[in-house]
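Residue numbers (the numbering used here): 78 to 648.
Quick notes on the structure that follows.
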Amino acid sequence: MRTLLSAVAVILSIGAAQGQGGAKKGVTCPVDLDDVKALGAAQAAINIQPTHAFLPATAPDPATGFVLEVDGVRLRFDPRWVAQLDTEVSRLTSLGVHVIAIVTCAIPPGADNRHPLVHERCDVVRAPNHLTAFRVNDAAGTAHFTGFLRFCASRFPGIAGYVIGNEIDAHWQWHNLGEASAGDVIAQHARELVLACRALHGVRPALRVFTSLTHSWALPHALSPRRALAARRLLRALLVHDELRALRWDVAYHPYPENLFEPRFWTDRTAFLAQDTPKVTLKNLEVLLDELARDGRGRRVILSEQGFHRQDGDDGDDVQAAAYALAWRRVEAMAGVDAFLLHRHVDHKNEGGLRLGLWSCDPASADPCKPFAKRRMHEVFRAAGTPAFEDVARFALPIVGLGSWDEVVVHEGPVPAHAREWHPWHRDGEGLDLLDALDGAGLDDARLDDALAFEHRFVTTTDGILPGVMLHPKTTRAPGRANVALRAATKPGQLRFAVAKLGEGGDGVRFAVELDGRELWSSVTESALPQRFTVAIPASSSARTLSFVVHARGDCAWDHACWLAPRLVDG
Numbered sequence: 078m079r080t081l082l083s084a085v086a087v088i089l090s091i092g093a094a095q096g097q098g099g100a101k102k103g104v105t106c107p108v109d110l111d112d113v114k115a116l117g118a119a120q121a122a123i124n125i126q127p128t129h130a131f132l133p134a135t136a137p138d139p140a141t142g143f144v145l146e147v148d149g150v151r152l153r154f155d156p157r158w159v160a161q162l163d164t165e166v167s168r169l170t171s172l173g174v175h176v177i178a179i180v181t182c183a184i185p186p187g188a189d190n191r192h193p194l195v196h197e198r199c200d201v202v203r204a205p206n207h208l209t210a211f212r213v214n215d216a217a218g219t220a221h222f223t224g225f226l227r228f229c230a231s232r233f234p235g236i237a238g239y240v241i242g243n244e245i246d247a248h249w250q251w252h253n254l255g256e257a258s259a260g261d262v263i264a265q266h267a268r269e270l271v272l273a274c275r276a277l278h279g280v281r282p283a284l285r286v287f288t289s290l291t292h293s294w295a296l297p298h299a300l301s302p303r304r305a306l307a308a309r310r311l312l313r314a315l316l317v318h319d320e321l322r323a324l325r326w327d328v329a330y331h332p333y334p335e336n337l338f339e340p341r342f343w344t345d346r347t348a349f350l351a352q353d354t355p356k357v358t359l360k361n362l363e364v365l366l367d368e369l370a371r372d373g374r375g376r377r378v379i380l381s382e383q384g385f386h387r388q389d390g391d392d393g394d395d396v397q398a399a400a401y402a403l404a405w406r407r408v409e410a411m412a413g414v415d416a417f418l419l420h421r422h423v424d425h426k427n428e429g430g431l432r433l434g435l436w437s438c439d440p441a442s443a444d445p446c447k448p449f450a451k452r453r454m455h456e457v458f459r460a461a462g463t464p465a466f467e468d469v470a471r472f473a474l475p476i477v478g479l480g481s482w483d484e485v486v487v488h489e490g491p492v493p494a495h496a497r498e499w500h501p502w503h504r505d506g507e508g509l510d511l512l513d514a515l516d517g518a519g520l521d522d523a524r525l526d527d528a529l530a531f532e533h534r535f536v537t538t539t540d541g542i543l544p545g546v547m548l549h550p551k552t553t554r555a556p557g558r559a560n561v562a563l564r565a566a567t568k569p570g571q572l573r574f575a576v577a578k579l580g581e582g583g584d585g586v587r588f589a590v591e592l593d594g595r596e597l598w599s600s601v602t603e604s605a606l607p608q609r610f611t612v613a614i615p616a617s618s619s620a621r622t623l624s625f626v627v628h629a630r631g632d633c634a635w636d637h638a639c640w641l642a643p644r645l646v647d648g
């Protein structure tokens, strides 16, 4: 989720691998280790990339200790890279720091899909952050991946665990294997984890292995079925995977607020205490813990990246610090969470306008993250996990709506399947939820035609929240269309849904439902008030295409056309 800033980003936190209380406290991307030490940091995670680990083919052979043969593939490690990482790890461990490595793979300059480090379907031109999924589907790629991990496990005893990839559910952004179906992403990452567990545990059985997930729980990070999938869907598939069930791995989670620019996570509108919550943030982290508890294999969580934006205004510092204080108090009480790593130590000028640091950065410096001024969150962070916390953080209580820190509640036990906040049309609905279909789950992947925008939207009514998708047509010459492949059905069905046009102004839109290009229903609306409809879907012995269509009227301005709570039920 954060901007990729360098090949090596260090995350620090206090304590043992399964820390309690103050042992969970951490900060990412430290700039001044003296300050980090004063803050109470003593556990680290470093970002390492196989991209930088191997010698180019034209380089002479290194000494024997830098050569490893894996399944007939001869791997030559760069002594300079090894020395640099040795220094990094030794510097941390000499201070009593516990080290975790986050393994990502940058696309090598000029590389194509034949390179043994580049996934065979990675979009090497368009991958937004130039990160590829690991190449684990042929002999050379698998040898490089497992050999890299085996070498690190043997060479760097100070590294205690490895996070395999970054934000896998947002794979197009952070773990690119091209545009891919959810099934392909699940199979890819399951193989990565299986190979990682076997390679690492084969050298050092006590090493920890982690998958990496975003806060996008029941709905994906992006409404692009072949570029993202829901974190819950990925996690559930990994938990029941035949080979992974017997292996030891945990979850590195990123529970940012639903809006990265709004630090008041306790007001998150899409973070519910239920299994079908769209987001899992610091407001409802218990949902993730419940998911793992129901699995019954004792898998644990580290919060390896999340932060709170310092907004403009006189109260910006106080609100940011209050957000950290409340988050800390909640996480401190969660037995299933081993680490809470705040992103970041100092603001970075190139992080999309976010100001997440304990320090601001110097606006006059060429260094993008040179410390400039401490924020109030620095003081609260330093007090976290110590007896001073309650006094230092007392100012935050009215901001977060509490009378004392003893009022902070952490839910224990199972969470309900469906959130009470949902509108009954969604919460109590029967049949197949077509939001899953539009997200690429349950049915074949959705396909978009002539859409300017296709985004998740949530419409609040007096009866509850309606989830849906906003389909904005690109032009008046052709309608916007989201197409879903329906499987054959021996019985007729009914499509139930609501529609609304959000946005001020405009001349309304015409919604339509088509089946194999034949219009079954249409309605013109200019209203933001949801209206519900039912359309008959005939039986068919063959697969069909169901289309959600939006026609512009006059012009496309403000055509924020929403399909809400669509469900396919028996007729």
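Here a beta-carbon is modelled for each residue, glycine too, at the ideal position from N, C-alpha and C.
In this text the structure is predicted, and so the values were computed from the model without any measurement.
- Terminal residues of the continuous alpha helix (DSSP H) containing R313? Position 236 of the sequence shown, counted from the start, is the residue given in the question as residue 313. Note, R313: alpha helix (DSSP H), 308-316.
- Message: Rounded to the nearest angstrom, what separates E244 and A402 at their Cα positions?
- Response: For this step, residue 244 is matched to residue 167 along the sequence shown. For this step, residue 402 is matched to residue 325 along the sequence shown. Approximately 25 Å, taken between the alpha carbons.
- Give a yes or no on contact between the region 326-335 and the region 422-430, applying the rule of three or more CB pairs nearer than 8 Å. No: the two stretches stay apart, fewer than three of their Cβ pairs being nearer than 8 Å.
- Message: I'd like the ranges of any beta strand (DSSP E) spanning at least 3 consecutive residues and lying wholly in the region 262-331.
- Response: Counting only runs of 3 or more, we get 285-290, 327-330.
- Message: Give me, in chain order, the residues of the same chain whose beta-carbon lies closer than 7 Å to that of F228; leave out the 5 immediate sequence neighbours on both sides.
- Response: As a position in the sequence shown, residue 228 is number 151, starting the count at 1. Cβ neighbours of F228 within its own chain (closer than 7 Å, five residues either side excluded): L145, F154.
- Message: Suppose you measure from the CA of H126 to the CA of L132; what does that come to, to the nearest Å?
- Response: The residue given as residue 126 occupies position 49 in the sequence shown. The residue given as residue 132 occupies position 55 in the sequence shown. Sequence check: residue 126 is Gln here, not His. The alpha-carbon atoms of Q126 and L132 are separated by roughly 13 Å.
- Message: Excluding the 5 residues flanking A130 on each side, which residues of the same chain have their C-beta closer than 7 Å to its C-beta?
- Response: Locating residue 130 in the sequence shown gives position 53, where the first residue counts as 1. Take A130, set aside five residues on each side of it, and the residues of its chain with a beta-carbon closer than 7 Å to its own are F154, D155, W158, F225, in chain order.
- Query: Between which two residues does the beta strand (DSSP E) harbouring P186 extend?
  - Reply: One-based indexing of the sequence shown puts residue 186 at position 109. No beta strand (DSSP E) contains P186, which DSSP labels as neither H nor E.
- Item | Contained beta strand (DSSP E) runs [length at least 3] in the region 142-230, N- to C-terminal order | Taken in chain order, the whole beta strand (DSSP E) runs of length 3 or more contained in the region 142-230 are 144-147, 150-153, 175-180.
- Query: From P445 to D439, what distance separates their C-alpha atoms?
  - Reply: On the sequence shown, position 368 is the one that residue 445 refers to. On the sequence shown, position 362 is the one that residue 439 refers to. C-alpha separation (whole angstroms): 8 Å.
- Message: If you follow the beta strand (DSSP E) that Q250 is in, where does it begin and where does it stop?
- Response: Here residue 250 refers to the residue found at position 173 when the sequence shown is read from its first residue. If you look at Q250, you'll find it isn't in any beta strand (DSSP E); it sits in the alpha helix (DSSP H) that goes 248-251.
- Task: Would you mind reading off the limits of the beta strand (DSSP E) that contains M547?
- Result: Locating residue 547 in the sequence shown gives position 470, counting from the first residue. M547 -> beta strand (DSSP E) spans 541-550.
- Query: Three-state secondary structure (DSSP) at A613?
  - Reply: If you number the sequence shown from 1, residue 613 lands on position 536. Taken through DSSP and simplified to helix, strand or coil, A613 comes out as strand.
- N- and C-terminal bounds of the alpha helix (DSSP H) containing L479: The sequence position of residue 479 within the sequence shown is 402, counting from 1. If you look at L479, you'll find it isn't in any alpha helix (DSSP H); DSSP assigns it neither H nor E.
- Item | Cα-Cα separation, G430 to R285 | In the sequence shown, residue 430 corresponds to position 353, counting from 1. In the sequence shown, residue 285 corresponds to position 208, counting from 1. Approximately 34 Å, taken between the alpha carbons.
- Alpha carbon to alpha carbon, how far is K102 from A136? As a first step, residue 102 is located in the sequence shown; it is residue number 25 there, counting from the start. As a first step, residue 136 is located in the sequence shown; it is residue number 59 there, counting from the start. K102 and A136 have their C-alpha atoms spaced approximately 43 Å apart.
- Message: On the criterion of 16 or more Cβ atoms from any shown chain inside 10 Å, does K356 qualify as buried, or is it exposed?
- Response: Taking the sequence shown and counting its residues from 1, one reaches residue 356 at position 279. K356 is classed as buried because its beta carbon has at least 16 other beta carbons within 10 Å across all chains shown.
- Message: Can you tell me whether K101 is helix, strand or coil according to DSSP?
- Response: Stepping through the sequence shown from its first residue, residue 101 is reached at position 24. In the structure shown, K101 adopts helical secondary structure according to DSSP, grouped into three states.
- Item | Pair within 7 Å by beta-carbon distance, G384 and L433 | In the sequence shown, counting from the first residue as 1, residue 384 sits at position 307. In the sequence shown, counting from the first residue as 1, residue 433 sits at position 356. Yes, the Cβ-Cβ distance between G384 and L433 is below 7 Å.
- Item | Proximal residues to A267 (C-beta, below 8 Å), its chain only, five neighbours per side dropped | Locating residue 267 in the sequence shown gives position 190, where the first residue counts as 1. The residues are A314, L315, H318, E320, L321.
- Residues in its own chain within less than 6 Å of A299 by CB, not counting five upstream and five downstream? To locate residue 299, count along the sequence shown from 1; it is residue 222. Excluding positions up to five away in sequence, the list reads A305.
- Task: State yes or no: is the C-beta of A295 within less than 7 Å of the C-beta of D367?
- Result: Indexing the sequence shown from 1 puts residue 295 at position 218. Indexing the sequence shown from 1 puts residue 367 at position 290. No.
- In angstroms, rounded to a whole number, what distance separates the CA positions of N253 and V213? As a position in the sequence shown, residue 253 is number 176, starting the count at 1. As a position in the sequence shown, residue 213 is number 136, starting the count at 1. N253 and V213: Cα-Cα distance of roughly 13 Å.
- Helix, strand or coil: which one does DSSP assign to W635? Residue mapping note: residue 635 aligns to position 558 of the sequence shown, counting from 1. Here W635 sits in coil by DSSP.
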